[in-house]
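Just below is one structure, and these are the notes that go with it.
Numbering (our numbering), first residue to last: 2 to 117.
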């Protein structure tokens with residue numbers, strides 16, 4: 002089963018879900034505020050994507066963090082920060098049997114699902 006992680010009120014997440022439905026791709030959608038991610042899932046994603054890609058530095062949550070938190074961010078701290086602040090996750094995150102993908106554009110999803 003294809004899984005889509007993000008926020009219910011996120012425009013990109015809604016667009017990704019709509020694209021999947023329009024292309025007949027069944028998926029399960031998770032709001033990371035309602036279904037918090039666990040450390041092992043975040044570590045798996047970190048290994049696949051890299052921590053730099055996972056942290057949304059343009060988010061309101063990021064802007065609300067202290068400068069010390071910004072400056073101390075590294076691979077080791079990224080998981081703890083995402084566990085404490087799930088809305089820092091750059092979204093959506095798409096999990097398929099072929100891999101883990103971050104973000105949404107029609108072109109990227111066409112490529113992932115080999116649509117012309």
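Don't be surprised by glycine CBs; every beta carbon is placed ideally from N, CA and C. Since the structure is predicted, the reported quantities are computational estimates derived from the model, not experimental observations.
In the DSSP annotation of this structure, the continuous segment of the beta strand (DSSP E) that includes residue 4 starts and ends at 3-7. For residue 57, the closest alpha carbon among the candidates 71, 77, 21 and 20 is that of 71. Residue pairing from DSSP places residue 31 in a beta bridge opposite 6. The straight-line gap separating the alpha-carbon atoms of residue 100 and residue 3 is approximately 10 Å.
Between the region 9-17 and the region 98-113, the count of C-beta pairs closer than 8 Å reaches three or more; the two stretches touch. Shown here, residue 26 sits in coil according to DSSP, grouped into three states, outside any helix or strand.
Inside the region 18-90, DSSP marks whole beta strand (DSSP E) runs of 3 or more residues at positions 28-32, from first to last along the chain.
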